[in-house]
Every structure is written in C-alpha cells, then in structure tokens.
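Trainee: Below is one structure. I have some questions about it.
Number of protein chains: 2
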Amino acid sequence: MPTTDGGRVVDDLKRLAEFGRYKTGVHRPTYSVPDVAARQWLAERFAEAGLDPVIDGIGNVIGRNRHATRRLLVGSHSETQPHGGWLDGALGVIYALELVRAFAADPALAGLGIEPVAWADEEGHYGNMLGSRSFTDALSEAEIGAAESRDGKKLRLALVEAGYAGRPRERLDPARYVGYLEAHIEQGNTLGASGERIGIVDGIVGIWNFWVTVSGEQNHAGTTEMRRRKDAAAALVRLASRIHDRFAEVAGPRTVWTIGRILIDPNAPSIVPGRAEMQVQFRDTDSEILALFERELQVLVTEAERAGPCDVALAPLSKSAPAAMDPGFQLLIERAAERHAPRQHRRMPSGAGHDAQILARRMRSGMMFVPSLKGISHHWTEDTKVEDIVLGVQVFADAAAAILEAR
Amino acid sequence: MPTTDGGRVVDDLKRLAEFGRYKTGVHRPTYSVPDVAARQWLAERFAEAGLDPVIDGIGNVIGRNRHATRRLLVGSHSETQPHGGWLDGALGVIYALELVRAFAADPALAGLGIEPVAWADEEGHYGNMLGSRSFTDALSEAEIGAAESRDGKKLRLALVEAGYAGRPRERLDPARYVGYLEAHIEQGNTLGASGERIGIVDGIVGIWNFWVTVSGEQNHAGTTEMRRRKDAAAALVRLASRIHDRFAEVAGPRTVWTIGRILIDPNAPSIVPGRAEMQVQFRDTDSEILALFERELQVLVTEAERAGPCDVALAPLSKSAPAAMDPGFQLLIERAAERHAPRQHRRMPSGAGHDAQILARRMRSGMMFVPSLKGISHHWTEDTKVEDIVLGVQVFADAAAAILEAR
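Residue numbers (this note's numbering), protein chains in the order written: chain R, 1146 to 1552; chain H, 1146 to 1552.
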C-alpha cells in the first residue's frame, strides 16, 4: 500500500494557494496571470516527481508516465471561482501529485502509474468544463471560437495571452487508462452534519435548467384598476410558489430544486410589472426524476398560461445527463475509507458538477469527497480540517492502488 | 359664463412643450435648464394676462391678481418626468392661464380672480411635491438642506443654479382664496375604456408603502439538501402569492395594490438565495381600508415568520393620507361637465398623487380629469385628443366661475 505524506500535501496546497491569494482564499480565474503561473508551477512539480509534463492548447496540465504498464488518470481543476476557496479543485490536483510520489516511492507498486491532471476551466469562466471536454473530444473549435468570459473577453484572446494558443490539445486514449479518479471537497454539509469524513460518490447529478417568461402589461400602479391589470410579477410569484409545492410532492430522496434568479421589469414600486422571468433548476442522479420534474413544470406553466391574464412561456436552457460512478471503484474507495476511518464514510451523490462527469462518458470513473467546514463553497472562507485533508489523501491513495491492482 | 379659446390653449401647450422637447414628449426635470426657462416663460404669460408674476425660492410660479375680491388658486406643476408626456402637469397650468384670460375678458365676471400657479417638483426629482408643500408650510429648511436628486445632486445647489436661492418662499394665506382647483390628465384608462370625457375626482388616494425583508441562508444549489435550506426567495414568492390572494378578498371597490419591486440576493441560478426583499404598496381613498390592508399584511408576515425557516420582517416606508375633494366643488364641476358633455363624465378617485392632495389639507380643493389616450402616462407617448383638451378647458372654466360665484 502507498504511504502518503499528509504534511507535504498541506504544504503544497498552501504553496499553490499563493497564486492569486485573496484573504484566506484564492482569486484565480482561468487563464489569469496567477492561473497561468500556477499551471506552470504544477508542471514543474509533475516533472520533479519523474513525469513528463505537458500544458496543452486549452491549458490542461498532464503528467505523462512513460514507464507504467497500468495507469490511472487522477486529478481535478486548478483555477478557482472569483474570490473562491483554496481547496476547491486544488485539493484533487495536489492529491494526484502526492499519489504519484507515493506510488513512485513504493517498489511494491512498480508498473502502476498515476497520471495527474489539472483541468482547465471547470469553473466555467469561459465555458463549461472546457478542459475535460477538450480532452474527451467534446469541445469543438467552433465553440472555442465563440466562447467569451462573462465580461466579454474572447477565449481565443485569453489563450493567446496565456501562451497556450497554437499548442495541440491532448486527447484521451481510453486504452491508456484503467480509469479516472477525482478527489474534491464536498461543497455541502452532509458529511459535516453527520460527523463523517469520507464521501464515496455514487453519481453526479444531472442539472436541468429552464427559463420561465411571464408577459403581462406594464401600467401605472395608481391609475390601473385591478381588474384591468396584467401583472407579470403577481403571476410569477403564484407560479413559483406552486412549483415549489408541487416539486416537494414528487421529489426523490435527494432531488434538489432552486429558483435562484428572478427578474422583474421594470422593478419599480409604482409600476405594475409588465414582464417577469425566472430560472428553474433541478438536480438528481436519476434521469427519470429529472424527466418527471420537467413534465410537472410543463403542466404548471400550462395551467398558469390558461389561468391568465398573462402569457407564460417555458424554454429549456440546459440539460446535463447524470453520471453514474463506477460501482467497482465505489467499492474499492469504500474499503479504503473503512480501513482508515471505520464507519465514518457514506455513499452519496454529488450535487455539484465535476470533471468526473465528463470523463465518465468515456471510461470508468470514481470520486471521493472530504468534508467542507460548514458546507461553505465558492467563497474565500471555504476550508477543510487539516486532519481530514491528511486522512483523505491516504484513503485516496489506497483506493487508487486497489483500483490499479484489480484485474 | 367665461368663454375659453381652445385653439389658444393647444398653441400654448405646444409652445410650453418646446422646453425640453423629447420625441413627441418632453424631458424637463425640475430645475433643469429647460424647466427654469419654462417657468420664466410662464411668468411672462402671467404678466401678459394682467397679473403680477412671482417665481419664489422653491421655483413656484404664481400670478398674483391685485384687483379681484374673490380668488381661486388654479394650477398644477410644470416640470415633467424623465422623457415624460407633454400634458402631464402642463395641461393644468395652461388651463389656469386660459381661465385668467377668459375671466378677464368677461365683464360679468368682474371681481372674480383666477390666480394661476405652476408648482415645483410635484414629480419628485428632488423631493415629494416640494412646491405645494413649501406653499402650505409643510416643507422645512432642514428637509431642503438634506434633499438631493436620484443622481446625488443637492437641492440647494440646484436652487442656486436655477437662480431661485435666496428668494423668499411664497406661503398660503387661506383667507385669500375660495379654494384650489387643479386639472390633470387621468393617467389611466378608466375614462378611455368607458368613452367618457371628464372625470370629477372625489378623492386622491392615500399611498402606503411597506418593505418586506426575508432573511434565509445563502447556499450552493447543488450540495444543499432541501431539508437543510433556508431559501429566502422561496419564502418570498409564497408570501407574495398569499398577499395577492388575501388583499383580493378584503379590497374595496377601487383599492389597488402592487408588488412592483422584488430583489433577490445574490440572484444567481445555482445559489440558494440568502435574502429576498419586496415593496408592497396599496392605495385607496378610504383610510379604513388602508388600515385594514396594513393589518392583513402584518398577519401574513407574522404567519410567514412563524412558518419558518426564514426570518421575515416588515417595515413601513411611507403612508400618505387620502385627500377628499370638496363635495361642493365636485358638484359644480359635475354640473359644468353635464352642460358640455352630458352623461360623458364620472366621479372617480385619483389613483396617482397630485398637488391638490397637499392643498386640500389647508383649503377646499377640487380636481378634474381629461382622458389619457390608452391610459399611457409618464412616457413620451402620453397624449390626449385635441377635442378633449378643448372640451376640458371650457368645463373647467365654467366650474371655476360657478365656484367663485357660489356663496
């Protein structure tokens, strides 16, 4: 079994967090100066560990292992959310680096190779999981040409400035790997609330997004009698309220749904709103529940449209497929967790998206969670206890070894 | 009976609309260069009509009539909303000017004097009905010192630039007047929908505004289980929906209510909202209905707070008192309307605020409406048929004469 050095992992995480440090967190958007410097630093660490590093045309950093006969691809992303946490993404990359070192140090693991990877732009500054999609042939040149950041910077320009433009994009050879493994902070408080220390991800949720537009008639809030009004906001709050009620009735045990974005036009106290819009999102690992939710949403929108006096329209925005994690990988992660943290682990879905859902389309994949303090995520106060970081990397290494050794 | 010249009224309205013309409307904010020029132009017209004009320290333009023994104060405001209509306010001021001329031309009306007034800032660029409140001793120097425009310009500075600073503010001597009369466009579509041409205002609504704040807990929309959420937006849409339902049950025949402004924080599709706020407004001429609505709102907020999981707080923003128009004035306006437009008039509340509600606190006051095409208001497309403008001024003059002649 590989022996990891938890202190070295924490030191490397702290060093990586220097790139773009913001308070106790990190501000390191994809292709920013600190992000490019961090990727260079990671490539150097991969080389130090005896690998052939490559930073490809989309910014993925991969450490190639020439000598192994069986290989596991292991990693996560290295950019952060704006003013984000120091571990989100970084933890899985440094875990992968540590696995490389631990495997190399153990003669019993000869021939078993970890190839670490730091994906580019999982956080979606310019797109949606650009790096892992590029690696799995799911990102076209046309999409790259059209992509831009939220503040309007072209992806092509960002790649030129980063120095990545013109480089080939590395592509997956599935025959090269036994599979893909990713460690990540939980980003929620399920483990924290139960006092557990390791999460074995059974699936990554599909995320379905819809946009609801209510069209009424803008009017003066003093001179327009109630019976003449077509108040778009009144129709929207009624519909939103029914959506929450109905979804609660048909939800599975871990379905989540959110109406997080509501726009009222003109949103002035003395004007009857003429237009109101909202985004309705739901997530589940079960495709049938996602489809059921969509049908229920359609029914409620149709009812609202029929009830009048406003027009109500529903448009799909995006539907990502749920991704099941490999059952064999789950079992081996679970055994490793039981060895080091008996009865302090659980199987659970990932409610957030991860590069593993992209890789899972092409090969066997697995994911492991460590707890997030108070469940805080995408914020500079995000953190994880040092003992959980240290425990996690050993469980992860044991699981990787077991996966590579399994025939 | 006075004889008005409708063509002259329309010509004057068109001339006044040149000050700040915007498309077919007018952009003439209070104390802007075109507003100051328009007030000067009005003062000159008042002088031409034989009056002693004064522009006072807040920008009110008043035409003093030295000779009359019984006087009626007649007017409206002369600034406009941003990119507003050409008649809103202006119509009532030019009607007042025409009444001055029509009365002066009729020897039978000797001794009966119209004093025309163009109030400053009814539209609230710097405050709330500054001119009429100044005139009725309801505007303190402290409030003037603190007031600023929505874009942060100090009222004091605006008054200096307009050339009004340092002038005395004219104050009402109630003994000088029989009462106050104001003509205005309806700003709604009640007259238009019924084909009527004159509205006799029975009261101006009180407008009560409340701010509702829902405090929950901001969380990740993927990793936070439903049972752990405190979704402020979900609580808000449920409460807003109940407010609409409950208000509909207890409303009077002309009560109106509006939830026109909703703020969700952070208003992002994948974040459970931690905070949600809304403004709840209702209007009625009946104080008891306003008080009933406030009680119902308090009950619903308390229920929402008890139901949890979010905190819900209610804060009053403003409560203006309804203003009854003088019943005797209403009757005389109605008789004049019946003479010139039989069965094409109605008594109705004003759902919008007007200077008349301020004047009504100090003396008998009356208001008359002419129709607004399609009910459009506070927009540069606002308009009224020429024949309605012409009819309106004659009805208004007859009513004014009847009021002045009544003992």
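C-beta atoms are modelled at their ideal positions from N, C-alpha and C, and glycine is treated no differently.
For tyrosine 1271 of chain H, which three-state DSSP category applies?
Mentor: In the structure shown, tyrosine 1271 of chain H sits in coil (DSSP, three-state: anything other than H, G, I, E or B).
Trainee: Ignore the nearest five residues each way along the sequence and tell me which others in lysine 1375 of chain H's own chain have a CB closer than 7 angstroms to its CB.
Mentor: Same-chain partners within the cutoff: Gly1361, Glu1362, Pro1454 and Cys1455.
Trainee: Quick check on the DSSP output: the alpha helix (DSSP H) that includes proline 1179 of chain R runs from which residue to which?
Mentor: 1178–1193 is the extent of the alpha helix (DSSP H) around proline 1179 of chain R.
Trainee: Here's the rule I'm using: 16 or more other beta-carbon atoms within 10 Å means buried, otherwise exposed. How should glutamate 1527 of chain R be labelled?
Mentor: Classification for glutamate 1527 of chain R: buried.
Trainee: Considering only residues of the same chain and omitting the five flanking positions on each side of leucine 1384 of chain R, which have a CB-CB separation below 6 angstroms?
Mentor: Closer than 6 angstroms at the Cβ level, and outside the excluded window around leucine 1384 of chain R, lie Ala1449.
Trainee: Contact between the region 1417–1427 of chain R and the region 1379–1399 of chain R is defined here as three or more beta-carbon pairs at a separation below 8 angstroms; is this criterion met?
Mentor: The region 1417–1427 of chain R is in contact with the region 1379–1399 of chain R.
Trainee: Identify every run of the alpha helix (DSSP H) within the region 1148–1175 of chain R, keeping only runs that are complete inside it and at least 4 residues long; order them along the chain.
Mentor: 1151–1162, all fully within the region 1148–1175 of chain R.
Trainee: Which residues of chain H have a Cβ atom closer than 8 angstroms to the Cβ of methionine 1274 of chain R, listed in chain order?
Mentor: In chain order: nothing, as chain H lies at least about 14 angstroms away.
Trainee: Is leucine 1161 of chain H buried or exposed, if buried means 16 or more other CB atoms sit within 10 Å of its CB?
Mentor: Classification of leucine 1161 of chain H: buried, given that the 10 Å Cβ count is 16 or more.
Trainee: Would a check of beta-carbon distances place isoleucine 1416 of chain H closer than 7 angstroms to chain R?
Mentor: Taking Cβ atoms only, chain R reaches closer than 7 angstroms to isoleucine 1416 of chain H, which makes this a yes.
Trainee: Rounding to the nearest angstrom, what Cα-Cα distance links lysine 1530 of chain H and serine 1294 of chain H in this structure?
Mentor: Using only the alpha carbons, I get a separation of about 33 angstroms.
Trainee: How would you list, in chain order, the residues of chain R whose beta-carbon sits under 8 angstroms from the beta-carbon of methionine 1371 of chain H?
Mentor: Those are Ala1393, Ala1396, Thr1400, Val1401 and Trp1402, listed as they occur along chain R.
Trainee: Judging by CA-CA distance, which residue of H:Met1513, H:His1389, H:Arg1278 and H:Ile1259 is the nearest neighbour of glutamate 1267 of chain H?
Mentor: Ranking H:Met1513, H:His1389, H:Arg1278 and H:Ile1259 by Cα distance to glutamate 1267 of chain H puts H:Arg1278 first.
Trainee: Where does threonine 1358 of chain H sit, in a helix, a strand or coil, going by DSSP?
Mentor: Correct three-state label for threonine 1358 of chain H: strand.
Trainee: Assuming leucine 1196 of chain R and arginine 1216 of chain R form a contact by the criterion Cβ under 8 angstroms, report the distance between their Cβ atoms to the nearest whole angstrom.
Mentor: That pair is no contact at about 11 angstroms.
Trainee: Measure from the C-beta of arginine 1428 of chain R to each C-beta in chain H and report whether the shortest distance is under 7 angstroms.
Mentor: So yes, arginine 1428 of chain R belongs to the interface.
Trainee: Just by C-beta distance, which residues in the region 1204–1215 of chain H are closer than 7 angstroms to chain R?
Mentor: Result list empty, no residue passes.
Trainee: Does alanine 1544 of chain H come within less than 7 angstroms of chain R when only Cβ atoms are used?
Mentor: Closer than 7 angstroms: no.
Trainee: Please go through the same chain and pick out, in chain order, the residues whose beta-carbon is closer than 7 angstroms to the beta-carbon of leucine 1275 of chain H, but skip the five residues on each side of it.
Mentor: So the qualifying residues of the chain are Ile1203, Ala1265, Asp1266 and Leu1284.
Trainee: Where DSSP assigns a beta bridge to arginine 1216 of chain H, which residues make up the other side?
Mentor: DSSP output for arginine 1216 of chain H lists H:Gly1258 as bridge partner(s).
Trainee: Buried or exposed: which applies to glutamine 1539 of chain R, given that a residue is buried once 16 or more other Cβ atoms fall within 10 Å of its Cβ?
Mentor: That one is buried.
Trainee: Please state the DSSP three-state secondary structure of methionine 1146 of chain R.
Mentor: Three-state result, methionine 1146 of chain R: coil.
Trainee: Give the list of continuous alpha helix (DSSP H) stretches no shorter than 4 residues that lie fully inside the region 1313–1398 of chain R.
Mentor: With a minimum length of 4 residues, the continuous alpha helix (DSSP H) runs that stay inside the region 1313–1398 of chain R are 1335–1339 and 1377–1395.
Trainee: From this set, H:Pro1227, H:Leu1459, H:Trp1231 and H:Ala1241, which residue's C-alpha is nearest glycine 1220 of chain H's C-alpha?
Mentor: When each option's Cα is compared against that of glycine 1220 of chain H, the closest is H:Ala1241.
Trainee: Using 10 angstroms around the beta-carbon of histidine 1222 of chain H, count the other beta-carbons present and answer buried if the total reaches 16, otherwise exposed.
Mentor: With 16 or more other Cβ atoms within 10 Å, it is buried.
Trainee: Please name the residue, chosen from H:Ile1416, H:Thr1148 and H:Lys1168, that lies closest to glycine 1229 of chain H on a Cα-to-Cα basis.
Mentor: For glycine 1229 of chain H, the nearest C-alpha among the options comes from H:Lys1168.
Trainee: By the three-class DSSP mapping on this structure, what secondary structure does glycine 1229 of chain H have?
Mentor: It is a strand residue.
Trainee: Any idea what DSSP makes of threonine 1526 of chain H, helix, strand or coil?
Mentor: Three-state result, threonine 1526 of chain H: coil.
Trainee: For glutamine 1424 of chain R, go through chain H and note every residue whose CB falls closer than 7 angstroms to its CB, in chain order.
Mentor: What glutamine 1424 of chain R touches in chain H: Pro1414.
Trainee: Looking only at its chain, what residues have a beta carbon closer than 8 angstroms to the beta carbon of serine 1432 of chain H, apart from the 5 residues adjacent to it on each side?
Mentor: Once the five neighbours on either side are set aside, the close Cβ partners of serine 1432 of chain H are Gly1351, Ala1466 and Pro1467.
Trainee: Would glutamate 1341 of chain H and histidine 1485 of chain H qualify as a contact pair, given that the criterion is a beta-carbon distance under 7 angstroms?
Mentor: No, these two residues do not count as a Cβ contact at 7 angstroms.
Trainee: Below 8 angstroms on the Cβ atoms is my contact criterion, and I expect glutamine 1475 of chain H with glycine 1511 of chain H to pass it. Report the Cβ-Cβ distance as a whole number of Å.
Mentor: Indeed they touch by this definition, with Cβ atoms about 6 angstroms apart.
Trainee: When the cut-off is 7 angstroms and only beta carbons count, does valine 1382 of chain R lie next to chain H?
Mentor: Closer than 7 angstroms to some Cβ of chain H, the Cβ of valine 1382 of chain R qualifies, so yes.
Trainee: Below 6 angstroms CB to CB, which residues in the same chain sit around valine 1206 of chain R once its five sequence neighbours on both sides are set aside?
Mentor: Hits under 6 angstroms: Arg1184, Leu1187, Ala1188, Ile1200 and Ala1263.
Trainee: Assign alanine 1466 of chain H to one of three DSSP states: helix, strand, or coil.
Mentor: Correct three-state label for alanine 1466 of chain H: coil.
Trainee: So who's on the other strand from aspartate 1456 of chain R, going by DSSP bridges?
Mentor: Answer is R:Ser1360, bridged to aspartate 1456 of chain R.
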